[in-house]
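Working notes for the structure below.
In this note's numbering, the protein residues as written are 1 to 135.
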């Protein structure tokens, strides 16, 4: 029973961590190729797809009381995050569109989000452990 309670939140957290990990890999590739002529910056987008999945999974909920908040229906989950090349014209002569400053900022933001998610999962596991032990 407890597994069912926490399963949804753990699955969403895992998918978010996977997306953030893919984003960090893309940032690392961008930084490694900052001086490569013609290199196109890669970016990972997954937040919208993750939101759609969460909304789609809650679409099967029933409202048994008029005071309940109705769930959104008709939302279909996407295939997930995608690694894309940014469609921007480069101002550099070598046609490389990577900005090291932007990449470092995005890397810091990604690391903070990853740490926050892992800490949240850790707190959930601590709560689950406490409940199981009866304390």
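Ideal placement from N, C-alpha and C gives every residue a C-beta, glycine not left out. Computed from a predicted model, the values in this text were never measured in an experiment.
- Excluding its 5 nearest sequence neighbours in each direction, residue 113 has C-beta neighbours in its own chain below 7 Å: 20, listed in chain order.
- Here residue 31 is near residue 100, since their CB atoms are less than 9 Å apart.
- Judged by their CB atoms, residue 94 and residue 8 are not nearer to each other than the 9 Å cut-off.
- Each of 134, 22, 122 was checked against the Cα of residue 111, and the nearest Cα belongs to 22.
- Residue range 100–133 is occupied by the alpha helix (DSSP H) that includes residue 121, with no beta strand (DSSP E) assigned at that position.
- Inter-residue distance for residue 13 and residue 129 is about 18 Å (C-alpha atoms, whole angstroms).
- In the structure shown, residue 83 falls within a strand segment according to DSSP collapsed to helix, strand and coil.
- Between residue 118 and residue 17, the CB-CB gap stays under 9 Å.
- Taking C-beta atoms under 8 Å as the contact rule, residue 26 and residue 43 qualify, at a distance of about 6 Å.
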